[in-house]
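Peer 1: Numbering (our numbering), first residue to last: 245 to 336.
Here a beta-carbon is modelled for each residue, glycine too, at the ideal position from N, C-alpha and C.
This is the structure we're talking about:
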């Protein structure tokens, strides 16, 4: 069929602060059917400080493998793991 219009089912975003429910919604919904609006958003980039750490070669290899499995660069992965450890320590 040439031309014409496509009937799209209107979808409403659930009113919820439950991250699991929202994640499930976006996993199962064609987001093209949502009524999106443009908005100005500013993200604050955290100030990073360069730190040099000596690690055993085997540990660096394991870190790189774990990072690759998650689709991350290894330095990003190290920051993520350290941040999670700091949050756990702060919570205990």
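What is the rounded straight-line gap between the Cα of residue 269 and the Cα of residue 260?
Peer 2: If you take the alpha carbons of residue 269 and residue 260, they lie about 10 Å apart.
Peer 1: Judging by CA-CA distance, which residue of 275, 290, 325, 296 is the nearest neighbour of residue 307?
Peer 2: Ranking the options by Cα distance to residue 307, first place goes to 325.
Peer 1: Nearest to residue 319 by alpha carbon, out of 330, 296, 335, 334?
Peer 2: The candidate whose alpha carbon is nearest that of residue 319 is 296.
Peer 1: DSSP three-state call for residue 334: helix, strand or coil?
Peer 2: Here residue 334 sits in helix by DSSP.
Peer 1: Does the ligand GTP have even one heavy atom less than 7 Å from the beta-carbon of residue 295?
Peer 2: The model on display carries no ligand, and the ligand GTP is accordingly not part of it.
Peer 1: Taking residue 264 as part of the alpha helix (DSSP H), name the residues at either end of that continuous run.
Peer 2: First-last of the alpha helix (DSSP H) with residue 264: 263–272.
Peer 1: Give me the Cα-Cα distance between residue 197 and residue 313, rounded to the nearest whole angstrom.
Peer 2: Past the edges of the chain, shown from 245 to 336, lies residue 197, and the structure says nothing about it.
Peer 1: Where does residue 251 land, buried or exposed, given buried means 16+ other C-beta within 10 angstroms?
Peer 2: Note that residue 251 scores 42 on pLDDT, short of 50, meaning its location in the model is unreliable and no value can be drawn from it.
Peer 1: Just reading off the alpha helix (DSSP H) that residue 304 is part of, what are its end residues?
Peer 2: From DSSP, the alpha helix (DSSP H) with residue 304 extends over 301–313.
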